[in-house]
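**Q** Numbers 0 to 148, taken from numbering that gives the first Met the number 0, label the letters of the sequence shown in order.
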Amino acid sequence: MEDTRKILEALGSLNEKVTGIQGDLAGVKEDVGSLKDDVSELKEDVGNLKEDVGELKDDVGELKKDVSELKDDVGILKDVTERQGEELTAVKLMHENEIRQSIQLIAEGHLSLERKLDESLKVNQEREMLLIRVAKLETEVRELKAKIK
Numbered sequence: 000m001e002d003t004r005k006i007l008e009a010l011g012s013l014n015e016k017v018t019g020i021q022g023d024l025a026g027v028k029e030d031v032g033s034l035k036d037d038v039s040e041l042k043e044d045v046g047n048l049k050e051d052v053g054e055l056k057d058d059v060g061e062l063k064k065d066v067s068e069l070k071d072d073v074g075i076l077k078d079v080t081e082r083q084g085e086e087l088t089a090v091k092l093m094h095e096n097e098i099r100q101s102i103q104l105i106a107e108g109h110l111s112l113e114r115k116l117d118e119s120l121k122v123n124q125e126r127e128m129l130l131i132r133v134a135k136l137e138t139e140v141r142e143l144k145a146k147i148k
């Protein structure tokens, strides 16, 4: 009987150990369940991150397209500005070449007209002097005629 008691004691001890292992196993199962929940949350977060990264890639693609369009527009503006600069230079050259020559011709014409006016005034002054002299001589002739008569 003693062997049976030893076996029963050993079985009791073994039963306690199995119960302890079962308790530990239940704790491990809880930890595994918690880990599964955490992994599930991580998968969801990674999925959200993938979506966000996809949206960011789309946005970056649109930005690249917009920047490319802006570069094209800036290139066009540079060309337009360069053309306008060339046109302005052409207008300045025309101003210098044509308008200045016209102004010079007008100035020369004005000077010529001024000289002619001076000559005309001089002739008029001489004429006036001659008319005064003629009037004086006529007066003297009348006086002489009056004395002779």
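Glycine included, each C-beta is placed from N, C-alpha and C at the ideal position. For clarity, every value in this text was computed on a predicted model and none was experimentally measured.
1. For lysine 148, does the three-state DSSP call read helix, strand or coil?
2. Helix or strand or just coil, what does DSSP make of methionine 0?
3. Roughly how many angstroms lie between the CA atoms of arginine 192 and glutamine 103, to the nearest whole one?
4. Please go through the same chain and pick out, in chain order, the residues whose beta-carbon is closer than 6 angstroms to the beta-carbon of isoleucine 105, but skip the five residues on each side of it.
5. Out of curiosity, what's the CA-to-CA distance linking lysine 150 and valine 122?
**A** In brief:
1. coil
2. coil
3. Nothing can be reported for residue 192, as the shown portion of the chain is limited to 0 through 148.
4. none
5. As displayed, the chain neither begins before 0 nor continues past 148, which places residue 150 out of reach and without an answer.
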